[in-house]
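Just so you know, we're using UniProt numbering here: the sequence shown kicks off at 1 and counts up by one. Heads up, the beta-carbon is just placed ideally off N, CA and C, and yes, glycines get one too. One structure is given below, encoded as C-alpha coordinates.
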Amino acid sequence: MEYKNRRDMGKPTINFLRIWIFLIPFQVFSQNIGRVGLEGSRGFVIAHSSDLIPVSQTNPYGLKGSYQVLKTDQKNWEACNCFHYLGIGFSYHNFDSPDILGAAFSLSGSFEPILWQHKKWVLGLESGMGVSYLTRFYDSETNPSNTFFSAPISFLMFVAPHLEYSLTPEWTLQLALNYNHISNGGQKKPNKGMNYPMLSFGIYHYLNSVELPNHSKQPLERELVFFGEISYTNKNSEWAEKRKPSLALTGGAYKSITGINALGLGVELNRDFSFDGEDGISNDLMPAPFISHHFLFGRVDFSQRMSLYAHKPNGYNDYLFYQRYILQYQVWENLGLGIGLKAHGHVAENIEFRLGWKF
(Lines of atoms letter the chains of each structure in order from A and count residues from 1; the text may use other names and numbers.)
(Lines give C-alpha, C1' and ligand atoms only; values in the text may rest on other atoms or scores of the structure.)
Protein backbone atom coordinates (compact mmCIF):
# COMPACT_ATOMS: atom_id res chain seq x y z
CA MET A 1 0.00 0.00 0.00
CA GLU A 2 1.34 3.43 -0.94
CA TYR A 3 0.67 6.70 0.91
CA LYS A 4 0.74 10.08 -0.74
CA ASN A 5 2.25 11.80 2.33
CA ARG A 6 3.05 11.27 6.00
CA ARG A 7 -0.36 12.58 7.09
CA ASP A 8 -2.10 9.85 5.07
CA MET A 9 0.22 7.23 6.57
CA GLY A 10 -1.17 7.98 10.01
CA LYS A 11 -4.86 7.74 9.14
CA PRO A 12 -5.28 3.92 9.40
CA THR A 13 -3.48 3.91 12.75
CA ILE A 14 -5.52 6.83 14.11
CA ASN A 15 -8.77 5.27 12.97
CA PHE A 16 -7.82 1.95 14.57
CA LEU A 17 -7.01 3.68 17.87
CA ARG A 18 -10.33 5.52 17.82
CA ILE A 19 -12.22 2.26 17.30
CA TRP A 20 -10.19 0.47 19.99
CA ILE A 21 -10.73 3.26 22.56
CA PHE A 22 -14.45 3.26 21.80
CA LEU A 23 -14.61 -0.52 22.34
CA ILE A 24 -12.71 -0.51 25.66
CA PRO A 25 -15.87 -0.24 27.83
CA PHE A 26 -17.41 -3.21 26.01
CA GLN A 27 -14.25 -5.30 26.28
CA VAL A 28 -13.83 -4.62 29.99
CA PHE A 29 -17.52 -4.84 30.90
CA SER A 30 -18.61 -7.47 28.39
CA GLN A 31 -20.68 -9.27 31.03
CA ASN A 32 -22.51 -6.08 32.02
CA ILE A 33 -25.48 -4.33 30.49
CA GLY A 34 -25.05 -0.68 29.55
CA ARG A 35 -27.75 1.70 28.37
CA VAL A 36 -28.21 5.37 27.59
CA GLY A 37 -31.52 7.16 28.04
CA LEU A 38 -33.28 10.38 27.17
CA GLU A 39 -36.57 11.54 28.69
CA GLY A 40 -38.83 14.55 28.69
CA SER A 41 -41.00 15.48 31.66
CA ARG A 42 -43.65 17.87 32.87
CA GLY A 43 -45.21 18.38 36.30
CA PHE A 44 -46.33 20.80 38.99
CA VAL A 45 -45.00 22.46 42.14
CA ILE A 46 -46.38 21.59 45.57
CA ALA A 47 -47.16 24.72 47.62
CA HIS A 48 -46.45 23.49 51.14
CA SER A 49 -47.11 26.85 52.82
CA SER A 50 -49.61 29.63 52.16
CA ASP A 51 -46.99 32.21 51.15
CA LEU A 52 -45.74 29.91 48.38
CA ILE A 53 -49.11 29.57 46.63
CA PRO A 54 -48.74 32.69 44.43
CA VAL A 55 -45.38 31.54 43.00
CA SER A 56 -46.30 27.84 42.77
CA GLN A 57 -48.88 28.07 40.01
CA THR A 58 -46.46 26.79 37.38
CA ASN A 59 -45.84 23.59 35.41
CA PRO A 60 -42.13 22.69 35.35
CA TYR A 61 -40.79 20.88 32.29
CA GLY A 62 -37.43 19.44 31.41
CA LEU A 63 -35.08 16.97 29.78
CA LYS A 64 -32.76 14.34 31.24
CA GLY A 65 -29.96 12.28 29.73
CA SER A 66 -28.52 9.28 31.56
CA TYR A 67 -26.02 6.45 31.37
CA GLN A 68 -26.52 3.30 33.49
CA VAL A 69 -24.75 -0.01 33.98
CA LEU A 70 -26.12 -3.29 35.34
CA LYS A 71 -23.50 -5.76 36.54
CA THR A 72 -24.61 -9.39 36.32
CA ASP A 73 -22.11 -11.13 38.63
CA GLN A 74 -22.99 -12.78 41.93
CA LYS A 75 -21.20 -10.15 44.06
CA ASN A 76 -23.27 -7.29 42.68
CA TRP A 77 -26.43 -9.36 42.94
CA GLU A 78 -25.79 -9.89 46.67
CA ALA A 79 -25.52 -6.12 47.22
CA CYS A 80 -29.32 -5.92 47.03
CA ASN A 81 -30.49 -9.50 46.28
CA CYS A 82 -31.55 -8.16 42.91
CA PHE A 83 -30.29 -6.98 39.56
CA HIS A 84 -29.82 -3.23 39.67
CA TYR A 85 -28.54 -0.32 37.62
CA LEU A 86 -26.04 2.26 38.83
CA GLY A 87 -25.90 5.39 36.77
CA ILE A 88 -25.23 9.04 36.26
CA GLY A 89 -27.62 11.61 34.83
CA PHE A 90 -27.74 15.23 33.77
CA SER A 91 -31.06 17.06 33.82
CA TYR A 92 -32.46 20.46 32.96
CA HIS A 93 -35.69 21.50 34.71
CA ASN A 94 -37.34 24.80 33.84
CA PHE A 95 -39.77 25.93 36.55
CA ASP A 96 -41.91 27.90 34.07
CA SER A 97 -41.24 31.18 35.90
CA PRO A 98 -38.10 32.78 34.43
CA ASP A 99 -38.07 35.91 36.61
CA ILE A 100 -38.74 34.26 39.99
CA LEU A 101 -38.00 30.50 39.96
CA GLY A 102 -35.71 30.17 36.95
CA ALA A 103 -34.32 26.72 36.14
CA ALA A 104 -32.16 23.94 37.62
CA PHE A 105 -29.19 22.18 36.00
CA SER A 106 -28.51 18.98 37.95
CA LEU A 107 -25.88 16.26 37.98
CA SER A 108 -26.91 13.16 39.93
CA GLY A 109 -26.07 9.54 40.67
CA SER A 110 -28.78 6.87 40.73
CA PHE A 111 -29.59 3.38 41.99
CA GLU A 112 -32.35 1.38 40.33
CA PRO A 113 -33.31 -2.17 41.38
CA ILE A 114 -35.48 -4.25 39.05
CA LEU A 115 -38.64 -5.04 41.00
CA TRP A 116 -40.49 -7.12 38.40
CA GLN A 117 -40.13 -8.25 34.80
CA HIS A 118 -42.26 -10.29 32.43
CA LYS A 119 -41.52 -10.80 28.75
CA LYS A 120 -41.30 -7.26 27.30
CA TRP A 121 -42.25 -5.43 30.53
CA VAL A 122 -39.94 -4.30 33.35
CA LEU A 123 -40.82 -2.40 36.54
CA GLY A 124 -37.98 -0.49 38.23
CA LEU A 125 -37.61 1.94 41.10
CA GLU A 126 -34.95 4.58 40.44
CA SER A 127 -33.74 6.80 43.25
CA GLY A 128 -30.83 9.16 43.46
CA MET A 129 -29.28 12.36 44.64
CA GLY A 130 -26.99 15.01 43.28
CA VAL A 131 -26.12 18.68 43.02
CA SER A 132 -28.20 21.40 41.33
CA TYR A 133 -27.22 24.79 39.97
CA LEU A 134 -30.16 27.21 40.23
CA THR A 135 -30.44 30.23 37.97
CA ARG A 136 -32.81 32.13 40.29
CA PHE A 137 -32.89 32.17 44.09
CA TYR A 138 -33.97 34.30 47.04
CA ASP A 139 -32.78 37.87 47.33
CA SER A 140 -34.38 40.25 49.81
CA GLU A 141 -34.33 43.07 47.27
CA THR A 142 -34.44 41.59 43.76
CA ASN A 143 -36.29 38.28 44.32
CA PRO A 144 -38.07 38.19 47.71
CA SER A 145 -40.88 35.87 46.50
CA ASN A 146 -38.63 32.88 45.87
CA THR A 147 -38.27 31.36 49.33
CA PHE A 148 -37.89 27.88 47.80
CA PHE A 149 -34.19 28.42 47.12
CA SER A 150 -31.68 30.59 48.96
CA ALA A 151 -28.42 29.72 47.19
CA PRO A 152 -27.33 28.92 43.64
CA ILE A 153 -25.93 25.51 44.67
CA SER A 154 -28.39 23.08 46.27
CA PHE A 155 -29.02 19.35 46.63
CA LEU A 156 -31.35 17.20 44.54
CA MET A 157 -33.06 14.04 45.77
CA PHE A 158 -35.55 12.04 43.74
CA VAL A 159 -37.44 8.76 43.51
CA ALA A 160 -38.98 7.54 40.26
CA PRO A 161 -40.92 4.28 39.80
CA HIS A 162 -41.13 3.54 36.10
CA LEU A 163 -42.48 1.01 33.65
CA GLU A 164 -40.41 -0.05 30.65
CA TYR A 165 -41.57 -1.75 27.43
CA SER A 166 -39.21 -3.37 24.90
CA LEU A 167 -39.67 -2.45 21.24
CA THR A 168 -36.57 -4.40 20.15
CA PRO A 169 -33.63 -5.91 22.08
CA GLU A 170 -31.84 -2.56 21.68
CA TRP A 171 -34.67 -0.04 22.13
CA THR A 172 -37.25 0.38 24.91
CA LEU A 173 -39.83 2.96 25.93
CA GLN A 174 -40.36 4.03 29.53
CA LEU A 175 -43.04 5.89 31.49
CA ALA A 176 -42.07 7.25 34.91
CA LEU A 177 -43.48 9.23 37.81
CA ASN A 178 -40.71 11.36 39.34
CA TYR A 179 -40.90 12.95 42.77
CA ASN A 180 -38.16 15.58 43.02
CA HIS A 181 -36.93 17.58 45.99
CA ILE A 182 -34.40 20.42 45.83
CA SER A 183 -33.09 22.27 48.89
CA ASN A 184 -29.79 23.41 50.35
CA GLY A 185 -30.01 21.03 53.29
CA GLY A 186 -30.30 23.74 55.92
CA GLN A 187 -27.04 25.38 54.88
CA LYS A 188 -28.68 28.75 54.29
CA LYS A 189 -32.08 30.31 55.01
CA PRO A 190 -34.80 30.59 53.81
CA ASN A 191 -34.73 26.88 53.07
CA LYS A 192 -38.28 25.79 52.34
CA GLY A 193 -37.10 23.66 49.42
CA MET A 194 -39.15 22.68 46.40
CA ASN A 195 -41.11 19.46 45.89
CA TYR A 196 -42.30 18.92 42.34
CA PRO A 197 -43.69 15.66 40.92
CA MET A 198 -43.23 15.13 37.17
CA LEU A 199 -44.57 12.63 34.66
CA SER A 200 -41.90 11.64 32.15
CA PHE A 201 -41.77 9.72 28.90
CA GLY A 202 -38.48 8.50 27.48
CA ILE A 203 -36.49 6.01 25.50
CA TYR A 204 -33.51 3.75 26.30
CA HIS A 205 -30.90 2.41 23.91
CA TYR A 206 -29.08 -0.73 25.11
CA LEU A 207 -25.40 -0.79 24.15
CA ASN A 208 -25.08 -4.55 24.53
CA SER A 209 -27.26 -7.54 25.29
CA VAL A 210 -26.42 -10.06 28.02
CA GLU A 211 -28.72 -12.78 29.31
CA LEU A 212 -29.37 -12.40 33.02
CA PRO A 213 -28.11 -15.38 35.05
CA ASN A 214 -30.09 -17.10 37.77
CA HIS A 215 -28.69 -16.14 41.17
CA SER A 216 -30.15 -17.61 44.33
CA LYS A 217 -31.60 -15.24 46.90
CA GLN A 218 -30.34 -15.30 50.46
CA PRO A 219 -32.90 -16.58 52.98
CA LEU A 220 -35.15 -13.95 54.52
CA GLU A 221 -34.11 -12.95 58.03
CA ARG A 222 -37.26 -12.64 60.08
CA GLU A 223 -35.67 -12.12 63.48
CA LEU A 224 -35.39 -8.66 64.96
CA VAL A 225 -32.43 -6.59 63.81
CA PHE A 226 -31.20 -4.09 66.42
CA PHE A 227 -29.19 -1.06 65.39
CA GLY A 228 -27.55 2.08 66.72
CA GLU A 229 -26.69 5.24 64.79
CA ILE A 230 -24.97 8.57 65.19
CA SER A 231 -25.58 11.50 62.85
CA TYR A 232 -23.87 14.83 62.28
CA THR A 233 -24.58 18.05 60.41
CA ASN A 234 -23.87 21.74 60.95
CA LYS A 235 -26.31 24.62 60.73
CA ASN A 236 -26.40 28.39 60.65
CA SER A 237 -26.82 29.87 64.10
CA GLU A 238 -28.64 33.10 64.88
CA TRP A 239 -26.60 33.67 68.04
CA ALA A 240 -23.09 32.78 66.80
CA GLU A 241 -20.96 33.90 63.88
CA LYS A 242 -19.88 30.36 62.97
CA ARG A 243 -21.99 27.36 62.04
CA LYS A 244 -22.82 25.02 64.91
CA PRO A 245 -23.14 21.23 64.95
CA SER A 246 -26.32 19.23 65.37
CA LEU A 247 -25.81 15.70 66.72
CA ALA A 248 -28.19 12.79 67.19
CA LEU A 249 -27.97 9.34 68.76
CA THR A 250 -30.46 6.72 67.61
CA GLY A 251 -31.38 3.24 68.77
CA GLY A 252 -34.00 0.96 67.28
CA ALA A 253 -35.00 -2.35 65.76
CA TYR A 254 -36.82 -3.62 62.69
CA LYS A 255 -38.26 -6.90 61.43
CA SER A 256 -38.62 -8.06 57.84
CA ILE A 257 -42.17 -8.74 56.67
CA THR A 258 -41.44 -9.47 52.99
CA GLY A 259 -38.34 -9.92 50.86
CA ILE A 260 -37.70 -6.17 50.63
CA ASN A 261 -39.92 -4.61 53.32
CA ALA A 262 -39.41 -4.25 57.06
CA LEU A 263 -41.16 -2.37 59.86
CA GLY A 264 -39.46 -0.93 62.92
CA LEU A 265 -39.41 1.50 65.80
CA GLY A 266 -36.88 3.33 67.91
CA VAL A 267 -35.87 6.49 69.74
CA GLU A 268 -33.68 9.40 68.66
CA LEU A 269 -31.94 11.83 71.01
CA ASN A 270 -30.94 15.10 69.32
CA ARG A 271 -28.86 18.08 70.51
CA ASP A 272 -28.89 21.09 68.19
CA PHE A 273 -26.09 23.50 69.16
CA SER A 274 -27.24 26.08 66.61
CA PHE A 275 -30.19 26.84 68.91
CA ASP A 276 -29.38 29.19 71.75
CA GLY A 277 -30.88 27.26 74.64
CA GLU A 278 -30.97 29.17 77.90
CA ASP A 279 -32.34 26.49 80.20
CA GLY A 280 -29.34 24.15 80.38
CA ILE A 281 -28.20 21.15 78.40
CA SER A 282 -30.71 18.72 79.91
CA ASN A 283 -33.62 20.88 78.74
CA ASP A 284 -32.11 21.29 75.27
CA LEU A 285 -31.99 17.55 74.57
CA MET A 286 -34.78 16.44 72.22
CA PRO A 287 -35.89 12.80 72.58
CA ALA A 288 -38.18 11.58 69.80
CA PRO A 289 -39.68 8.08 69.46
CA PHE A 290 -40.33 6.98 65.88
CA ILE A 291 -41.86 4.30 63.71
CA SER A 292 -40.14 3.32 60.47
CA HIS A 293 -40.47 1.49 57.20
CA HIS A 294 -37.43 0.03 55.45
CA PHE A 295 -36.81 -0.93 51.84
CA LEU A 296 -34.10 -3.60 52.15
CA PHE A 297 -32.08 -4.44 49.06
CA GLY A 298 -29.25 -6.58 50.41
CA ARG A 299 -26.65 -4.11 51.68
CA VAL A 300 -28.83 -1.10 50.85
CA ASP A 301 -31.37 0.19 53.38
CA PHE A 302 -33.70 3.04 52.45
CA SER A 303 -35.76 3.94 55.51
CA GLN A 304 -38.52 6.44 56.17
CA ARG A 305 -39.15 7.44 59.78
CA MET A 306 -42.00 9.37 61.39
CA SER A 307 -40.86 10.90 64.69
CA LEU A 308 -42.70 12.64 67.52
CA TYR A 309 -41.02 15.38 69.55
CA ALA A 310 -41.39 14.07 73.11
CA HIS A 311 -39.64 17.23 74.33
CA LYS A 312 -37.98 20.26 72.74
CA PRO A 313 -36.73 23.64 73.99
CA ASN A 314 -39.17 26.53 74.08
CA GLY A 315 -39.04 28.48 70.83
CA TYR A 316 -37.26 25.76 68.86
CA ASN A 317 -40.07 25.34 66.29
CA ASP A 318 -43.84 24.90 66.09
CA TYR A 319 -43.89 21.34 64.78
CA LEU A 320 -45.04 18.24 66.66
CA PHE A 321 -43.74 15.63 64.18
CA TYR A 322 -40.83 15.33 61.76
CA GLN A 323 -39.59 12.79 59.21
CA ARG A 324 -36.22 11.37 58.33
CA TYR A 325 -35.40 9.80 54.99
CA ILE A 326 -32.19 7.77 55.23
CA LEU A 327 -30.19 5.95 52.56
CA GLN A 328 -27.56 3.69 54.11
CA TYR A 329 -25.08 1.18 52.68
CA GLN A 330 -23.60 -1.66 54.70
CA VAL A 331 -19.89 -1.35 53.96
CA TRP A 332 -18.88 -4.22 56.27
CA GLU A 333 -20.77 -6.96 58.07
CA ASN A 334 -22.22 -4.66 60.74
CA LEU A 335 -21.05 -1.15 59.80
CA GLY A 336 -23.19 1.12 57.64
CA LEU A 337 -22.57 4.58 56.18
CA GLY A 338 -25.32 6.81 54.88
CA ILE A 339 -26.93 10.15 54.37
CA GLY A 340 -30.25 11.42 55.68
CA LEU A 341 -32.73 14.23 55.24
CA LYS A 342 -34.76 15.69 58.11
CA ALA A 343 -38.02 17.40 57.17
CA HIS A 344 -41.12 18.88 58.77
CA GLY A 345 -43.86 17.93 56.34
CA HIS A 346 -42.73 19.22 52.94
CA VAL A 347 -40.17 21.59 54.50
CA ALA A 348 -36.61 20.23 54.57
CA GLU A 349 -34.52 21.21 57.60
CA ASN A 350 -31.10 19.66 57.02
CA ILE A 351 -29.08 16.95 55.32
CA GLU A 352 -26.84 14.87 57.57
CA PHE A 353 -24.18 12.17 57.52
CA ARG A 354 -24.90 8.94 59.45
CA LEU A 355 -22.87 6.08 60.88
CA GLY A 356 -24.75 2.92 61.86
CA TRP A 357 -24.04 -0.40 63.53
CA LYS A 358 -26.21 -3.56 63.51
CA PHE A 359 -26.24 -5.86 66.53
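Exercise for review: Determine the extent of the alpha helix (DSSP H) in which TRP77 is found, giving its start and end residues.
Suggested key: Here residue 77 refers to the residue found at position 77 of the sequence shown. Residues 74-78.
Review point. Grouping DSSP H, G and I as helix and E and B as strand, with all else coil, what is residue 428?
Key: Given a span of 1 to 359 for the chain in the structure shown, any question on residue 428 remains unanswerable.
Check your understanding: If you run the structure through DSSP and keep just helix, strand and coil, what is ASN94?
Key -> As a working note, residue 94 is residue 94 in the sequence shown. Of the three classes helix, strand and coil, the one that applies to ASN94 here is strand, per DSSP.
Review point. Taking all protein chains shown into account, do 16 or more other C-beta atoms lie within 10 angstroms of the C-beta of GLU39, making it buried, or fewer, making it exposed?
Key: Here residue 39 is taken as the residue at index 39 of the sequence shown, counted from 1. Under this definition GLU39 is a buried residue.
Exercise for review: Closer than 7 Å by C-beta to TYR92: which residues in its own chain qualify, once you throw out the five before and the five after it? Chain order, please.
Suggested key: Here residue 92 corresponds to residue number 92 of the sequence shown, with the count starting at 1. Residues GLY62, LEU63, ALA103, PHE105 of the same chain have their beta carbon placed closer than 7 Å to that of TYR92, with the five preceding and five following residues left out of the count.
Review point. With C-beta atoms as the reference, is ARG35 less than 8 Å away from LEU207?
Key: On the sequence shown, residue 35 is found 35 positions in, with the first residue counted as 1. On the sequence shown, residue 207 is found 207 positions in, with the first residue counted as 1. Yes. Within cutoff.
Exercise for review: Can you give me the Cβ contacts of LYS242 inside the same chain, cut-off strictly under 7 Å, excluding the 5 residues immediately before and after it?
Suggested key: Taking the sequence shown and counting its residues from 1, one reaches residue 242 at position 242. Excluding residues within five positions, none has a Cβ falling inside 7 Å.
Review point. Taking all protein chains shown into account, do 16 or more other C-beta atoms lie within 10 angstroms of the C-beta of residue 361, making it buried, or fewer, making it exposed?
Key: Residue numbering for the chain in the displayed model covers 1 to 359; residue 361 lies beyond these limits and cannot be assessed.
Check your understanding: Can you tell which of GLY128, PHE149, THR172 has the C-alpha that lies nearest to the C-alpha of THR135?
Key -> One-based indexing of the sequence shown puts residue 135 at position 135. When only C-alpha atoms are compared, the closest one is PHE149.
Review point. Going by the CB atoms, is the gap between GLY228 and GLY264 shorter than 8 Å?
Key: What you label residue 264 is simply residue 264 of the sequence shown in a count that begins at 1. What you label residue 228 is simply residue 228 of the sequence shown in a count that begins at 1. Their beta carbons are not under 8 Å apart, which means GLY264 does not touch GLY228 by this criterion.
Practice item. Look up ASP139 in the DSSP assignment and give the residues it is bridged to. Key: Here residue 139 refers to the residue found at position 139 when the sequence shown is read from its first residue. As computed with DSSP, ASP139 is found in a beta bridge with ASN143.
Exercise for review: Quick one: grab the DSSP three-state call for ASP301.
Suggested key: For the purposes of this step, residue 301 is taken as the residue at position 301 of the sequence shown. DSSP places ASP301 in strand when its eight states are reduced to three.
Practice item. For GLY340, I'd like the list of residues in its chain whose CB is within less than 6 Å of its CB, leaving aside the five on either flank, ordered along the chain. Key: Within the sequence shown, numbered from 1, the residue matching residue 340 stands at position 340. So the list reads ARG324, ILE326, GLU352, ARG354, once near-sequence residues are dropped.
**Study point:** Near the ligand GTP: LYS75 beta-carbon under 7 Å from a heavy atom
**Key:** Within the structure as shown, the ligand GTP is missing, as the structure has no ligands at all.
Check your understanding: So what does DSSP say about ASP318, is it helix, strand or coil?
Key -> Numbered from 1 along the sequence shown, position 318 holds the residue referred to as residue 318. Coil at ASP318, not helix or strand.
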